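Here the structure comes first, spelled out in structure tokens, and everything after it is commentary.
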Ligand SMILES: [Zn+2]
Ligand SMILES: [Zn+2]
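In full-length UniProt numbering, the protein residues as written are 1 to 302.
Next up, the structure:
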């Protein structure tokens, strides 16, 4: 790895102690609430509460894995993992997605029969639990509201979604409190579970694409080629490959063809220009091979 890029790489995976502490705190808070929900779901006999508990169990698992892996994924590269440990966060997302996928199917299998043989639920208990859910997620949102990082904003959106989900359960349980609408419970459970599945399939799709080394979503290879072809002394650009280490850190390699031997200063300038252009177009780590137009290149279309 080139030294200039190395600094950036380090910055990318640097996390300070306080962030680790925040993650740890959020994990234990979430886990506690998840356990309360599971107990409450069994006590009120409500599948809607259980489905929401699965949702929060997924959040807890994600937080726990992120907390556990944060130190490891920020570790410097070594001989065995020459790109570093950034991909551990992908592995965490994959595990999390699989758990939620299995959990969702288990819940759906319990929810479907409820439509045919209705079971009594403790609507008053459900009102209490959903008020607790709104208070808990609302408090987390309030605590997190001033954070500016992209990640924190994502967390905030998620918390807002959770508040919305609990509000729907609250309204449903108030209705069930006043009349025999017990079919509302499996209906809400189904809604929550389908919402979980929709999010999981989106995130799993993204993770699998990164594992398969697909071109990063925000990198336009053709635009990069076109832009670099306009540079002075460049005859052609080919064998352009890009992939992403963890969805944020993108790696690129390319061949640049020059038509005659240029002096070392001009060559260094050209390489710097290429690196600057590719950095602006989303690349963190570029490897450039220079070749002469008289050379036969075996990798031109590989
Ligand atoms: Zn080539
Ligand atoms: Zn190639």
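Ideal Cβ positions, reconstructed from N, Cα and C, are used throughout, including at glycine.
This structure is a prediction, so every number in the text was calculated from the model and none was measured.
Using 7 Å as the threshold, is the C-beta distance between residue i and residue j below it?
i, j, result
"residue 293", "residue 259", "yes"
"residue 186", "residue 111", "yes"
"residue 134", "residue 163", "yes"
"residue 253", "residue 241", "yes"
"residue 26", "residue 63", "yes"
"residue 173", "residue 216", "no"
"residue 257", "residue 289", "no"
"residue 46", "residue 121", "yes"
"residue 40", "residue 131", "no"
"residue 192", "residue 52", "yes"
"residue 141", "residue 33", "no"
"residue 69", "residue 94", "no"
"residue 75", "residue 85", "yes"
"residue 109", "residue 44", "no"
Using alpha carbons as the reference points, say which of the options lies closest to residue i.
i, options, result
"residue 218", "51, 283, 40, 95", "283"
"residue 200", "44, 262, 215, 54", "54"
"residue 210", "75, 90, 29, 221", "90"
"residue 24", "225, 50, 60, 35", "60"
"residue 177", "124, 221, 116, 204", "124"
"residue 73", "302, 249, 275", "249"
"residue 265", "278, 246, 257, 233", "233"
"residue 118", "165, 160, 182", "182"
"residue 214", "194, 223, 195, 246", "246"
"residue 296", "255, 114, 228, 166", "255"
"residue 274", "261, 223, 299, 114", "223"
"residue 166", "97, 300, 138", "138"
So, under 8 Å CB-CB, residue i and residue j are touching, yes? Tell me the CB distance rounded to an integer number of Å.
i, j, result
"residue 57", "residue 189", "Going by Cβ atoms, the distance from residue 57 to residue 189 rounds to 14 Å, so no, they are not a contact pair."
"residue 35", "residue 104", "Actually they do not touch by this definition, with Cβ atoms about 20 Å apart."
"residue 231", "residue 267", "Incorrect: roughly 12 Å between the Cβ atoms, too far for contact."
"residue 228", "residue 277", "6 Å"
"residue 107", "residue 50", "7 Å"
Checking the sheet assignment: what are the DSSP bridge partners for residue i?
i, result
"residue 62", "In DSSP, residue 62 forms no bridge with anything."
"residue 254", "288"
"residue 243", "251"
"residue 162", "Looking at the DSSP assignment, residue 162 forms no beta bridge with any residue, so it has no partner."
"residue 234", "258"
Would you say residue i lies against chain D (beta-carbon separation less than 7 Å)?
i, result
"residue 166", "No chain D appears in this structure, which consists of one protein chain only."
Next on the checklist: Threshold first: 4 residues or longer. Then list the alpha helix (DSSP H) segments lying entirely within the stretch 76–151, N to C.
Outcome noted: 88–116, 123–144
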